[in-house]
Structures are given as structure tokens and as C-alpha cells.
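Residue numbers (the working numbering), protein chains in the order written: chain A, 14 to 446; chain B, 42 to 380. The structure appears right after this line, and notes come after that.
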């Protein structure tokens with residue numbers, strides 16, 4: 014009798030336990046589902062972002078160019094025949110372009126027709142010819158087939174970004190469309206790799222606008238940033254971690270460093286404006302000043318990462334070194350720092366990656382500007398990659414839309430390479446204890 | 042020790058660069074409306090003149106004048122672009138900082154366009170109707186009431202039955218000043234209730250825009266407005282003419298007081314919302330910073346700002362011939378600006 018009661022009791026308990034177990038399983042299942050769902054949401058946002066950027070930007074890497082048979086007429090380029098550099102550089106190369114176009118389309122006789130014809134080719138085509146002649150003066154007097162950049166509107170038309178129909182915003186007349194079709198069908202108008210995008214500075218002509226000035230500007234800024242923030246950051250981290258005694262002051266410093274890491278970067282830009290420009294009188298728009306402002310942005314990240322890396326070195330390494338008679342400095346320099354280096358480098362690279370994508374601090378110090386010349390030193394005016402993206406995004410010309418996305422692709426590639434390097438360094442040199 | 046050396050090195054770098062060479066490159070700041078034109082001139086100037094290409098920053102008209110007037114030394118900009126005239130307070134601020142001689146050039150005209158997506162219903166508006174759509178308070182039955190209009194058809198049954206959503210310039214834009222001056226101040230005089238007011242209360246009644254969500258302020262560039270318009274076919278945006286010129290396949294301009302926003306109409310001031318564009322030159326820098334005079338000459342040449350110049354291809358509306366001639370003459374003398 015009592016056995017049966019016991020059995021009933023047991024089965025009742027088992028049922029309860031089972032039910033609770035089911036519930037716990039269900040909760041866990043739900044939790045997993047939430048986790049997966051949030052990963053899917055995050056990934057799909059990333060996918061949408063990448064898709065929209067790449068689908069808009071990939072066309073910018075190719076650009077319409079026109080093949081013209083250009084006669085390097087000596088009477089236009091160098092009437093005296095002296096072949097002097099100054100004469101060659103100031104010659105009217107636009108006339109060569111115009112003559113070549115006229116030879117191609119002799120039917121364009123009146124002024125309006127000629128204007129329409131000239132509108133098909135880039136305003137920078139003459140610069141290409143000048144570059145050719147300056148590089149090789151023996152071209153003068155010869156006739157060559159030259160690929161020259163077409164006007165951005167022709168490029169947009171071929172890419173289908175502009176309608177042929179004037180009612181739908183097309184910018185071409187029937188006559189111009191006829192010429193474009195004639196060039197196209199004879200193979201004299203085709204898409205070629207957009208070398209300007211990677212070799213020239215900014216321009217108001219979309220077909221000539223390039224990222225090189227911005228890339229060099231970003232490079233100089235990063236150079237200044239890394240030479241200042243790496244030694245400063247590592248020295249700070251070593252002192253705080255290995256030498257300082259814990260007291261109220263070091264606590265205060267620690268709290269402040271952690272706070273600085275969370276300060277919005279525009280604040281550092283304002284600081285840069287006040288101190289570097291107004292007090293030190295450094296030149297406006299210079300990558301040097303940009304680099305100094307970005308140093309302030311990336312220092313906290315580097316200090317925090319370096320301290321974590323130093324902390325991860327087990328204490329018995331230090332004790333063994335000290336036990337064998339090493340001084341504290343020897344202990345740090347010979348043993349602790351080399352072991353912590355992979356972590357420090359990773360932190361530095363991540364700090365640099367943050368700095369290279371930063372545009373707000375540069376806004377205040379005048380790096381958001383139209384700058385054509387590629388900077389030759391950190392003191393020359395320059396933009397940076399994120400700033401160039403912002404400037405192109407603000408341009409009214411249609412052809413800058415795809416170039417904006419192309420610039421974003423280039424910046425993302427930079428960041429991906431930097432982060433991949435950080436991961437590689439960590440994987441290769443990391444020691445586990 | 043390491044720290045000391047590093048700190049010393051950093052200081053030395055800063056000290057060395059502080060003695061940097063004199064500037065050999067023109068610096069221009071100012072209006073985002075003028076920016077596309079100023080940059081085009083700067084690029085052309087850099088290509089053909091042998092001087093370095095000027096650096097052009099887009100800071101907005103107000104911000105540009107502030108930088109321009111901050112000082113007379115070489116670190117301050119040489120030229121500032123403006124989409125409205127300089128104010129007396131700004132001239133005073135300039136003078137207080139030692140910038141006494143400032144010269145003004147009118148470079149051409151810009152139209153303020155009331156734009157809509159091409160797929161939306163076309164709008165034909167009067168300035169009064171625009172005022173009614175965006176003002177904070179509206180005179181009704183003898184007194185001012187909070188703007189009650191939710192749909193365009195509430196203002197006039199002939200207008201489309203769309204919600205009023207206007208993307209307009211925030212107060213940091215020169216375009217906003219022009220909108221207030223050309224539309225709101227003009228329109229509010231037509232209402233006896235507002236005309237009866239005076240002083241600050243009239244200013245508020247005329248110039249305050251509604252804050253109930255129907256007028257969305259855009260403080261960035263016009264690209265944001267352009268994107269909003271193409272996404273929302275019923276939305277209306279207030280833009281500078283060059284954006285309509287370059288994006289004619291995406292957006293359409295409303296007619297204002299029966300006039301379409303075309304190049305020709307703006308050039309002869311038939312279209313009511315047209316305004317002059319300016320740049321201001323710091324005379325103290327002419328002859329000190331190399332190229333300032335030549336840059337001005339490039340800007341005021343007919344191949345740049347003329348009717349068939351390269352700026353008109355960028356959407357600048359050329360001033361009438363007589364005015365261009367007068368301004369070009371002025372650009373050689375550079376007389377001080379007088380309001």
C-alpha cells in the first residue's frame with residue numbers, strides 16, 4: 014500500500030521535474046533562436062549595405078573613353094621649334110582636341126554644332142595630351158590614335174544612368190546622340206579602366222576626379238598619428254601597468270583615459286582647432302594637424318589595449334626575471350613587452366582603423382575642402398578618404414553618385430586590409446599560457 | 042626617460058612646423074551654394090595660370106564670413122563666398138578684427154526651386170500658398186492661429202490632395218535667408234492681420250516656420266533633400282537651381298506665381314525666387330598671397346561667368362550683360378563694400 018503511494022508520489026514528482034525540464038529546454042531553445050535571429054538581422058543589414066554600395070559603385074571603375082586620331086601639330090604646340098619646357102607646357106592643347114574631333118566629324122560646321130561636339134569630350138582631354146607631349150617631345154609632328162576621356166555625361170548615358178530622351182532629363186541633342194552612336198559602332202567609344210580614380214586628385218569634372226590626393230592625405234595623417242600615438246600610448250600603458258604604484262592619482266588617470274575613449278571625436282576636432290591652429294599657428298587643412306587630432310582620437314584605444322595585453326602576461330615571467338637579477342626596466346623591455354607586443358600591435362591597428370575612418374575631427378581643422386593638388390608633404394593642404402566621400406556625396410553632378418560608392422568601396426578595402434593584418438599578427442604571434 | 046625623449050621630440054616637431062613658410066595658395070571659404078562654381082573656377086585657374094590650385098572649403102555663408110572676418114593675418118582666408126549679402130554686423134565684426142577693406146563681387150544668380158519628384162503631381166504655387174504651407178502661424182478670422190493646413194488641398198482645392206511635407210534649408214543655410222526674404226516676407230505683407238503688426242511680433246509672424254513636422258529642416262547639403270524627394274513622390278523640397286539643372290530626370294520644379302523655374306526665367310528675374318550670389322575679397326591679401334588678383338580675373342572672365350561660360354554649364358545663372366560689365370570693372374578696382 015505504502016509502495017503504491019510512494020510510486021504515485023514518485024511519478025508525480027517525475028512529471029513535475031519533466032515539465033520543468035521541458036520548460037527549461039524551451040527557454041534555452043528560444044534563447045538560441047533570439048541569438049540566431051539577431052545575427053541574421055545584423056548580417057542582413059551588412060549585406061544590404063554592401064549590396065547597395067557595390068551595385069552603385071562598381072560601374073565607376075570603368076569609364077567611357079574616346080579614340081581619336083590626334084595630330085600633334087608643331088605649329089600649335091611649338092611654333093618656334095625650340096622644344097622649351099615652358100612653351101610645351103603652356104601650349105593650346107585644346108586646339109589639338111578640337112581639330113581631332115573636327116577631323117572625325119567634318120559635318121560640324123556652324124558654331125553651335127562645334128559646341129555640341131566639344132561637349133562630348135572631357136574638359137581635361139587637353140591635359141592628357143600635354144602629359145604625353147611633356148613625357149615624349151618626339152611626338153610633335155606625328156599623328157597618333159589616342160584614347161581620351163569622354164565627358165561624364167556621355168559616360169552616364171552609356172551606363173544607362175541618363176535617358177536619351179530630352180523630356181526625361183537627357184542632356185543630348187539628336188545630333189550628339191548620332192555622333193555617340195557612330196563612335197560606338199565604329200569601336201571608337203568604349204569603357205576602359207578608370208585610371209583617374211586612382212591616380213589624380215579631386216576635380217569638378219567627374220570623369221577626372223580621383224582619390225589619390227585623399228589616399229595620400231590619409232596616409233600622411235596616419236603616419237603622424239602612428240609615430241605619435243604608438244610610442245606615447247605604449248609608454249603610458251607600461252608606466253601605468255608596470256611601474257606606478259596604485260594610488261588615488263593613478264586611479265584618476267585611469268578613469269580619465271577610459272572616459273576619453275568614449276568622447277565623441279568632434280570634440281577632439283574642436284580641441285585641434287583651438288590648440289594646433291589657433292595657439293601653435295599650424296597650417297589649416299594640413300595632414301599634420303589632422304594626424305595630431307587623430308592621435309588624440311586613437312590614444313585612449315591604444316593605451317587600453319596595451320594595458321590589457323601587458324596584464325595578460327603571466328606574473329611568473331616577471332618574478333622569474335626579477336629573481337634572476339634583472340632590473341625592472343630590463344624585466345619589462347626584455348620579457349614582458351615582447352610577449353605583450355602582438356596584443357599591443359592589434360590594439361594599435363584597430364586604433365588606426367578607427368582613425369582612418371574618422372571625418373568629424375577633420376571637419377573642424379579645414380580638411381573638408383576642395384583640393385586638387387596631391388599633397389607632397391604633411392604640411393600641404395589635403396583631404397582624407399572619408400572626407401572625400403562626404404564631398405562627392407554632396408556634389409550635384411550625377412556621375413559623382415557612383416564615384417561616392419566607389420570611394421566607399423576603396424575605404425572599406427583599406428579597413429578590411431588593416432583589420433586582417435591585426436588578426437594575422439594576433440594569430441601568428443599570440444602565446445597562450 | 043623614453044617618455045621625456047618622446048615628449049621632447051613631439052614638441053620639437055610642433056615648434057618646427059609652427060615656423061612654416063608663407064602661404065602660396067589661395068584659401069576660399071563660404072556658401073555651399075557657391076561651392077560648385079568656386080571650385081570649378083579654382084580648378085580651371087590652377088590648370089591654366091601656373092599658380093597653385095586654391096583650396097575651397099564649403100562652410101556655409103555665415104560660417105564663411107565668420108572665418109573670413111576672424112583676422113587679417115595670412116592664416117585667415119582670402120575670399121569668402123556668400124549666397125546672401127554681407128550684413129552690417131558682419132562688416133563691423135570684420136573691422137573689429139582688423140579686416141577693414143572688404144570688396145564685393147556679384148557673380149551671378151541662383152534660383153530657389155520648389156522641387157518635387159518627377160513621378161509626383163506637378164505643382165503650381167503662389168508665394169502666398171508657399172507661406173501658408175510652411176509658416177508657423179497663419180492669419181485666420183482676424184487673428185494668428187497655429188498653422189492648420191495638413192494637405193495642399195486644404196490651402197487651395199485646386200492643389201493636390203497630398204500631405205504637406207516640405208524639406209527645406211535649416212537656418213545655417215544662406216538659402217534659408219533668401220527663402221525668408223523672397224517668399225515669406227513678401228507673402229506676409231498680403232495679409233492685413235500681419236501687416237498691422239510691427240517690430241519683433243511681425244518678424245516672428247513672417248519668418249517662423251512650422252514645427253509640427255510638416256517642414257523638415259535639412260542642415261546638411263541638398264543631396265539629402267534630393268534623396269528624400271525621389272523616395273517620397275508627394276514630398277516637396279526647397280533647393281538651389283543647380284540641383285534641378287543636374288537632376289532634371291529625377292525632379293521637377295513647381296511654377297511660382299505662374300513662372301516656371303527655368304534658366305531663362307531666373308536670368309531675367311521673371312521667376313520670383315531668384316537671388317544674387319556673391320564673393321567677398323580681403324583686399325589686404327591682394328598682392329600678398331600670390332594669385333588672388335588672377336583668380337578674381339578668371340572668375341570674372343566671360344568664359345567663366347558668361348552666358349555660355351563653363352559656370353553656366355554647372356547651373357550658375359549669368360547676370361545681365363551690363364551688370365557683368367560693371368562687376369568686372371569693379372573687380373579691378375576692388376572698392377570697399379557699402380550696404
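Built from N, CA and C at the ideal position, the CB exists for glycine as well. Quantities reported herein were computed from a predicted structural model and do not represent experimental measurements.
| Asked | Found |
| --- | --- |
| CA-to-CA distance, residue 43 of chain A to residue 281 of chain A, given in whole angstroms | 44 Å |
| Secondary structure of residue 379 of chain B, DSSP reduced to three states | coil |
| Helix, strand or coil at residue 178 of chain B according to DSSP, with G and I counted as helix | strand |
| Start-to-end residues for the alpha helix (DSSP H) that takes in residue 197 of chain A | 187-198 |
| Minimum Cβ-Cβ distance from residue 96 of chain B to chain A less than 8 Å | yes |
| Coil, strand or helix - residue 241 of chain B by DSSP | helix |
| Contact set between the segment 356-378 of chain B and chain A, restricted to residues whose Cβ is under 8 Å from the partner | 356 |
| Complete runs of the beta strand (DSSP E) confined to the segment 223-283 of chain A [at least 3 residues] | none |
| Neighbour list for residue 303 of chain B in chain A, Cβ cutoff strictly below 7 Å | Simply none; closest approach about 14 Å. |
| Outcome for residue 135 of chain B when other beta-carbon atoms lying within 10 angstroms are tallied against a minimum of 16 | buried |
| Closest residue to residue 212 of chain B among B:336, B:79, B:104 (Cα-Cα distance) | B:104 |
| Supposed close pair residue 143 of chain B, residue 371 of chain B - CB separation, criterion 8 Å | Rounded, the Cβ-Cβ distance is 13 Å, inconsistent with contact. |
| Reduced DSSP secondary structure (H/G/I, E/B, other) of residue 92 of chain B | coil |
| Rounded distance between the beta-carbons of residue 219 of chain B and residue 125 of chain B, thought under 8 Å | 6 Å |
| Assumed close pair residue 129 of chain B, residue 380 of chain B - CB separation to whole angstroms, cut-off 8 Å | 6 Å |
| Cβ shell of residue 289 of chain A (< 6 Å), same chain only, five flanking positions each side left out | 295, 302, 305 |
| Entirely enclosed beta strand (DSSP E) segments - the segment 256-298 of chain B, minimum 3 residues | 256-259, 277-281, 292-294 |
| Continuous beta strand (DSSP E) stretch holding residue 71 of chain B: start and end | 68-71 |
| Min CB distance residue 123 of chain A to chain B below 8 Å | no |
| Proximal residues of chain B, C-beta to C-beta of residue 208 of chain A below 9 Å | Under the 9 Å cutoff, chain B gives no residues; its nearest Cβ is about 18 Å from residue 208 of chain A. |
| Cβ pair count under 8 Å reaching 3, the segment 95-106 of chain A against the segment 171-184 of chain A | no |
| Closer than 9 Å at the beta carbon, the chain A residues around residue 66 of chain B | 386, 393, 394 |
| In chain order, each alpha helix (DSSP H) run of at least 4 residues that lies wholly inside the segment 292-353 of chain A | 300-324, 328-336 |
| Unbroken stretches of the alpha helix (DSSP H), 4 residues or longer, contained in the segment 43-130 of chain A | 87-90, 98-103, 106-117 |
| Test item: CB-CB of residue 292 of chain B and residue 273 of chain B under 8 Å | no |
| Residues that DSSP places opposite residue 209 of chain B in a beta bridge | B:258 |
| At least three beta-carbon pairs within less than 8 Å, the segment 308-319 of chain A to the segment 351-364 of chain A | yes |
| Candidates A:394, A:440, A:423, A:439: closest to residue 65 of chain B by CA position | A:394 |
| Residue 426 of chain A, DSSP secondary structure in three states | helix |
| Whole-angstrom distance between residue 101 of chain A and residue 381 of chain A, CA atom to CA atom | 34 Å |
| C-beta neighbour in chain B for residue 430 of chain A, strict 8 Å | no |
| Closer than 9 Å at the beta carbon, the chain B residues around residue 181 of chain A | 159, 289, 290 |
| Beta strand (DSSP E) segments (min. 3 residues) lying fully within the segment 134-176 of chain A | 156-162 |
| Residue 262 of chain B versus residue 113 of chain A: straight-line alpha-carbon distance, rounded | 40 Å |
| is_contact[residue 284 of chain B, chain A] using C-beta, thresh 8 Å | yes |
| Counterpart residues of residue 204 of chain B in DSSP-defined beta bridges | B:192 |
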